[in-house]
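Encoded as structure tokens, the structure appears first; notes follow it.
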Amino acid sequence: MSFPTPTTKSVDYLKVYEPAEDSFLFLDMLEKDVSNIHFRFKSNYPAIVLEIGTGSGIVTTFVQQNILTGSQGLYLTTDLNIHACIASLETSKENGGCTYMDTLRASLATPLRPNIIDLLLFNPPYVPDEIVPTIPQTDDDDAWLDLALLGGSDGMEVTWKLLNELDSILSSRGAAYIIFCKRNKPESVAEIMQSRGWTATQIGERKAGWEVLSLWRFNR
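For reference, each letter of the sequence shown is one residue, going 0 to 219 in numbering that gives the first Met the number 0.
Below, the structure is given as structure tokens:
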């Protein structure tokens with residue numbers, strides 16, 4: 000039986016990225032890998048979960064509801080878009096809430112102490128474009144949605160920033176789940192990360208229109 004998908008009725012999609020094929024691939028592949036997650040975090044103390052670029056908060060809420068429930072997880076979301084930060088809390092509340100959750104307006108994991116994150120979730124701006132958009136100067140700027148989509152010339156500019164920092168973000172038992180599109184050349188990314196001592200595992204992939212999306216797990 001499939002895990003239920005959280006509702007996101009309270010989210011303003013004029014200001015926040017609307018859940019789409021990549022979001023639902025993320026949920027389905029986390030469900031597919033649930034045994035690995037439970038084995039990794041089977042100790043008595045809760046996993047610290049961070050979703051970067053949270054958008055609507057649907058991924059974090061899905062994990063709260065179905066994978067690391069109750070006091071099994073302490074949850075934090077980050078996003079540069081203040082509307083997304085608020086949306087992540089509203090989506091969690093809309094679906095039953097989580098006592099152990101907060102949000103930060105921030106880039107990636109920059110405000111956090113090193114090596115405290117057990118489970119990292121990231122659906123990055125992976126669409127190739129000439130540049131990564133600049134951060135809008137006002138909260139009501141329509142360009143916030145572009146930040147959620149466009150990832151530079153190969154779609155990897157933001158993702159590489161995170162991958163290059165994983166050593167200082169993840170705990171000793173930590174794992175990062177990251178979405179890629181085919182044009183990001185995820186197999187080549189995996190080879191580079193493996194050369195750095197990481198285990199890179201494709202959890203699954205799916206064709207979405209003209210794009211092929213995949214979710215990968217990186218861990219030591």
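The beta-carbon is built from N, C-alpha and C at its ideal position, and this holds for glycine as well.
Item	Value
Straight-line Cα distance separating T102 from G96	14 Å
Length of the line joining the Cα atoms of A147 and G69	29 Å
Distance CB(L161)-CB(I51) smaller than 8 Å	yes
Length of the line joining the Cα atoms of S42 and S170	14 Å
Bridge partner(s) assigned by DSSP for M100	Y74
Alpha carbon of V62 to alpha carbon of G196, nearest angstrom	27 Å
DSSP state of I130 mapped onto helix, strand, coil	coil
Where L165 falls, given that 16 or more other Cβ within 10 Å makes a residue buried	buried
Identity of the residues DSSP links to Q201 by a beta bridge	W215
Backbone CA spacing between R219 and Y125 [nearest angstrom]	24 Å
Assigned exposure category for Y74 - 16 Cβ within 10 Å defines buried	buried
Paired residues, beta bridge with E190 - DSSP	DSSP lists no partner for E190.
Helix, strand or coil at E210 [DSSP, three-state]	strand
N- and C-terminal bounds of the alpha helix (DSSP H) containing D166	165-168
Rounded separation between N35 and D78 - CA only	27 Å
Endpoints, the beta strand (DSSP E) within which D27 is located	From DSSP, D27 is part of no beta strand (DSSP E) but of the alpha helix (DSSP H) over 20-31.
Strand pairing of E50, partner residues [DSSP]	T76, L120
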